[in-house]
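The opening position of the sequence shown corresponds to residue 11 in our numbering, with each subsequent residue numbered one higher. By construction, the Cβ of each residue, glycine as well, lies at the ideal position given by its N, Cα and C atoms. Keep in mind the model is a prediction, meaning the values are calculated, not measured.
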Amino acid sequence: MSTPARRSSYGYSKLDKEDPEELMHRRAQFLIYKALQQADSPRRRPSFLRIRLCRLKTKIGKKLKKLRKGMLLSISATRVRVYRKVTSHWKRLFGNGEAIASLPPMLALKARN
C-alpha cells in the first residue's frame with residue numbers, strides 16, 4: 011500500500027495581504043449593491059395586525075409599569091406603618107426611657123446603707 015500524498019497541515023492556502031484601499035472599494039461596492047437591491051424590492055406596508063399587536067404590547071407595558079409602581083408605593087407605605095407600630099409598641103413597653111430614669115442610681119443605694 012502506498013501512502014497518500016501528504017497535504018500541508020492546513021487545508022487552505024495562504025492569501026496575500028489585501029490592499030486597504032481595495033478593501034474599502036469592495037466594501038463600498040457591496041453597500042451600493044445592497045442599497046440598490048433594497049430599492050428594487052417592493053416595499054410592504056406594515057400589516058394592520060402588526061400595528062394592532064404593537065399597540066397592544068405598548069398598552070400592556072404601560073399597565074404593568076403602573077402596577078409595579080403602585081405595588082412599590084404600597085409596600086413602602088406598609089413598611090413605614092409597621093415601623094411606626096413597632097416603635098410605638100417598644101415605647102409603650104419601655105416607657106420612653108422613664109422606667110430606667112425612675113430607678114435610683116446604684117451609688118445612691120450604697121450611700122444609704
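N-terminal and C-terminal residue of the alpha helix (DSSP H) that residue i is part of
i	result
Gly10	The structure shown does not extend to residue 10, since the chain is modelled only from 11 to 123, so the question has no answer here.
Arg36	30 to 50
Residue i classed as buried or exposed, judged by whether at least 16 other C-beta atoms fall within 10 angstroms
i	result
Gly105	exposed
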